[in-house]
Amino acid sequence: MVRVPFRAAADRVRHRLSQLAGPKSRGRASARTRPRTPDRTDAAAPGRTDTAAPGDLTGPARRPYLRALGMLAVVVLGAWLGLLAVGSIRTPVGPMDTNMTLRPSLTGGSRINVSPLGALELDSHSAPLRLDVDVDRLDPERSQALVDRPERFSHLQDEVTRDVAAGTRELAVRSCVAVVSGATALGLVVYRRPRRALAAGGLALTLLAASGVSAYATWNPKSVLEPKFSGLLSSAPSLVGDARSIVTEFDIYQQELARLVTNVTKLYDATSTLPVYQPDPGTIRVLHVSDIHLNPAAWHIIASLVEQYEIDVIVDSGDTMDHGSAAENGFLDPVRDLGAPYVWVRGNHDSTVTQDYLEKFRNVRVLDDGRAVNVGGLRIAGTGDASFTPDRTGPGGNKAAAQLEGARLASALRDQESAGTPVDIAVAHDPNTARETDGTVPLVLSGHLHRRINEQLKLGTRLKVEGSTGGGGLRAVQNEKPEKVHASVLYMDRSTRRLQAWDEITLGGLGLTTAEVSRHLPEENLKKDAPVSPTPSPSSTPSATRSAARPTPSP
883 MVRVPFRAAA
893 DRVRHRLSQL
903 AGPKSRGRAS
913 ARTRPRTPDR
923 TDAAAPGRTD
933 TAAPGDLTGP
943 ARRPYLRALG
953 MLAVVVLGAW
963 LGLLAVGSIR
973 TPVGPMDTNM
983 TLRPSLTGGS
993 RINVSPLGAL
1003 ELDSHSAPLR
1013 LDVDVDRLDP
1023 ERSQALVDRP
1033 ERFSHLQDEV
1043 TRDVAAGTRE
1053 LAVRSCVAVV
1063 SGATALGLVV
1073 YRRPRRALAA
1083 GGLALTLLAA
1093 SGVSAYATWN
1103 PKSVLEPKFS
1113 GLLSSAPSLV
1123 GDARSIVTEF
1133 DIYQQELARL
1143 VTNVTKLYDA
1153 TSTLPVYQPD
1163 PGTIRVLHVS
1173 DIHLNPAAWH
1183 IIASLVEQYE
1193 IDVIVDSGDT
1203 MDHGSAAENG
1213 FLDPVRDLGA
1223 PYVWVRGNHD
1233 STVTQDYLEK
1243 FRNVRVLDDG
1253 RAVNVGGLRI
1263 AGTGDASFTP
1273 DRTGPGGNKA
1283 AAQLEGARLA
1293 SALRDQESAG
1303 TPVDIAVAHD
1313 PNTARETDGT
1323 VPLVLSGHLH
1333 RRINEQLKLG
1343 TRLKVEGSTG
1353 GGGLRAVQNE
1363 KPEKVHASVL
1373 YMDRSTRRLQ
1383 AWDEITLGGL
1393 GLTTAEVSRH
1403 LPEENLKKDA
1413 PVSPTPSPSS
1423 TPSATRSAAR
1433 PTPSP
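The numbering of the sequence shown is the working numbering, which starts it at 883 and goes up by one.
This is the structure we're talking about:
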């Protein structure tokens, strides 16, 4: 009973292919109802006409080229199905995990997908096959092995070359098996004759071999110097440099790539060993981050700080993205696993698309238009940025719009005060917006400037501007000097909900693998000779500012 639908489908496929023989073949369809006794002498009878059964593509044909086209269709379709089913491999390339796949293509070339940033296309060869490489992730164990044994970096290029060659050989073998299996299986379904099915498999293997020879003969190793970018990587040429600079400074680019892998891994290691102060039950710990700008390393840093400092609330003052496009949304998924509630306001690089995506996360509280929430023992209110970078028409007007948004936030804070639910912390991305809240809230947090500011405003509100927790993000390589990674841990008294102290955490950017933590006390606490909260570890002595640096030599 199971074979009936399969046999009916196979009959329909054969019937469609038999129609390629033209209208005359339909006259032979009546043979299906006229059983014929085979006669060995019939084959030798002179003047014998073709009486092959319908759908029998193996008998003599009046139009051989149509039968050849049918065979070619079976071979191409079967080979393509085989490649889709089993024609890909997962292979390591240096510290990265990749998926390699061959796909039928009219133009050939190679495509490297780097999700969620986009893709780059290389005119590497001319053949009816395209090589797709999907970069999945950077393996932390292999990256750490490179850090532990710096001498391996001198052989990293050779290692990557060997990995690519080994992956290509394995992919070639897998592809051969895939196309032969696919074409043979489809040929057996269509023709129902093992000889024809094997012929289809052999022809598929021949076509694959011919494509491989064509790719080898037209291989263009210089294509890597002229890639075509798509998605967010379309800005890569302006970040990396043009082909001429890459050619003239190729050795420098190789060295910097190795330093990038080394220092990012060491940065993770430095973060995990930062000094930790003794917990205090009377303290609420708030981690202030800002301007991540699509740097995935920031999530590792934040997660490590949450664990090391037992953070109660994370406050992100915006610019988590770079373009605010839907393609970037997948970058936000690690927020779910940071281990603490996440309070977020929109920056000028974030869009309402970004905001809508984050609002779906259970641990995220999105603040806009003065909205206030109770989280982690604190009442926090905030608003999104008044502008969106891609929509800006000129440099003027942005400060005025930010100040107007700040006036609205200040009005919302006063309404909260009147309702008997005063706000402890206000959050806005632009410092121009934050300054307008002076006198309506004890503490206001912002970002945007990629540098720290700690200022007591005229009416008593303390303004704290955080630097870039993403080290400037993807655009950091434009700067002459690498941008440092900034984050701060704010210690709030649980009873008064006022700022008692804060730690400024600074990690070196690319090429500067250092970690520094400095303790600060508000001026009013110093004047009152108030004790430090939380209590530092017994081995340290209280002071207004304390630093602990952990330099790590660059490779």
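Note that CB positions come from ideal geometry on N, CA and C, so glycine has one too.
N-terminal and C-terminal residue of the beta strand (DSSP E) that residue i is part of
i: T983; result: 978–986
i: A1310; result: 1307–1310
i: W1101; result: Premise fails: W1101 is in no beta strand (DSSP E) and is neither H nor E.
i: I1196; result: 1195–1198
i: I1166; result: 1165–1171
i: R1261; result: 1260–1265
i: I1387; result: 1381–1389
i: D1209; result: Reading the sequence as shown, one finds Ala at residue 1209 and not Asp. Taken as a continuous stretch (DSSP letters only), A1209 belongs to no beta strand (DSSP E), as it is neither H nor E.
i: D1375; result: 1367–1375
i: N1256; result: 1253–1257
i: V1217; result: Premise fails: V1217 is in no beta strand (DSSP E) and is neither H nor E.
i: V1248; result: 1246–1249
i: S1328; result: 1325–1328
Continuous alpha helix (DSSP H) stretch holding residue i: start and end
i: L1341; result: Careful: L1341 lies outside any alpha helix (DSSP H) and carries neither H nor E.
i: A1284; result: 1280–1300
i: D1238; result: 1234–1240
i: P974; result: Segment 970–975 is the beta strand (DSSP E) holding P974; no alpha helix (DSSP H) there.
i: R1317; result: 1313–1317
i: I1183; result: 1179–1191
Beta carbon of residue i nearer than 7 Å to that of residue j
i: V1195; j: V1257; result: yes
i: G1064; j: L963; result: yes
i: T1265; j: E1287; result: yes
i: I971; j: E1052; result: yes
i: V1059; j: L1087; result: no
i: G990; j: L1004; result: no
i: G1200; j: G1329; result: yes
i: I994; j: V975; result: no
i: D1173; j: S1350; result: yes
i: E1337; j: G1353; result: no
i: N1230; j: K1281; result: no
i: I1335; j: I1262; result: no
Close-in-space but distant-in-sequence residues of the same chain around residue i (CB under 6 Å, 5 per side omitted)
i: A1097; result: H1007, A1009
i: G1164; result: R1376
i: G1221; result: V1188
i: K906; result: Legend: pLDDT at K906 = 44, less than 50; position of this residue unreliable, no value from coordinates given.
i: P1277; result: Because the pLDDT at P1277 is just 43, under 50, the model does not fix this residue reliably, and the point stays unresolved.
i: G1070; result: Correcting the residue identity first, residue 1070 is Leu in this sequence and not Gly. Within the same chain, L1070 has close Cβ partners A1079.
i: W1181; result: P1216
i: H1205; result: none
i: V957; result: A1065, A1082, L1085, A1086
i: Y1224; result: I1196, V1217, N1245, V1246
Rounded Cβ spacing between residue i and residue j (contact assumed at less than 8 Å)
i: A1294; j: G1252; result: 3 Å
i: A1254; j: V1326; result: That belief does not hold up - the Cβ atoms of A1254 and V1326 are roughly 13 Å apart, past 8 Å.
i: L1331; j: A1310; result: Actually they are not in contact, since the Cβ atoms of L1331 and A1310 sit about 13 Å apart, beyond 8 Å.
i: A1369; j: H1170; result: 7 Å
i: V1399; j: W1384; result: Actually they do not touch by this definition, with Cβ atoms about 11 Å apart.
Nearest to residue i (by Cα), restricted to the options the options
i: A961; options: L1176, T1066, L1345, V1015; result: T1066
i: A1283; options: D1297, R1290, R1296, A1268; result: A1268
i: L1089; options: A955, R993, A1048; result: A955
i: T983; options: V968, V975, P977; result: V968
i: A978; options: A1099, V1046, T1202; result: Reading off the sequence, residue 978 comes out as Met, not Ala. The residue with the shortest Cα to Cα distance from M978 is V1046.
i: D1198; options: A1099, P1103, Q1298, K1346; result: K1346
i: T980; options: V1095, T1050, R1334, P986; result: T1050
i: R985; options: V1017, G1094, Y947, A1308; result: G1094
i: D1312; options: T1303, Y1073, T1271; result: T1271
i: L1176; options: F1213, A1185, L1013; result: F1213
i: W1101; options: L1011, E1405, H1402; result: L1011
Neighbourhood of residue i by C-beta, 7 Å cutoff - its chain only, sequence neighbours within 5 removed
i: D1320; result: L1339, K1340, L1341, T1343
i: L959; result: L1068
i: A1301; result: none
i: A1289; result: E1318
i: Q1298; result: A1254, A1263, P1304, V1305
Close Cβ partners of residue i (< 8 Å) along its chain, the five nearest in sequence each way excluded
i: N1211; result: P998, V1235, T1236, Y1239
i: I1166; result: D1194, V1195, G1258, G1259, L1260, Y1373, M1374, D1375, R1376, R1379
i: D1250; result: V1227, R1228, Q1237, G1264, T1265, G1266
i: R1244; result: R1218
i: L965; result: T983, L984, R985, P986, S1057, A1060, V1061, G1064
Residue i: CB within 6 Å of a non-hydrogen atom of the ligand COA
i: E1189; result: Of ligands this structure carries none, so the ligand COA is not represented either.
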